[in-house]
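Residues 1 to 60, numbered by the UniProt record's numbering, are exactly what the sequence shown covers, in order. C-beta: ideal position from N, C-alpha, C; glycine also. In this text the structure is predicted, and so the values were computed from the model without any measurement. Here's the structure, in structure tokens; my notes come after.
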Amino acid sequence: MTIAFSRVMVELTDEDPPECRQCGDSVASASKQRVVSTVEDGTAIHHYFCSDDCLEAWES
Ligand SMILES: [Zn+2]
């Protein structure tokens, strides 16, 4: 869990509290965080998810 969290920390920004875009849970306490980066109006947006299930639900 420590290793997974450190990997996600690389993507975190200070002003963005990491909450799952799908269910709203804090991804910091999730065991399988996922981060998806998209570009909206020329700005990179990071979307955080607490699990693969939430990521897949959001994508569909
Ligand atoms: Zn979630």
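Contact belief for residue i with residue j at Cβ below 8 Å, rounded distance in angstroms
| i | j | result |
| --- | --- | --- |
| C50 | V35 | The pair is not a contact, with the Cβ atoms about 11 Å apart (cut-off 8 Å). |
| Q22 | A44 | Rounded, the Cβ-Cβ distance is 20 Å, inconsistent with contact. |
*Can you list, in chain order, every residue whose CB sits closer than 6 Å to a heavy atom of ligand 1?*
Qualifying residues, in the order they occur: C20, Q22, C23, D25, F49, C50, S51 and C54.
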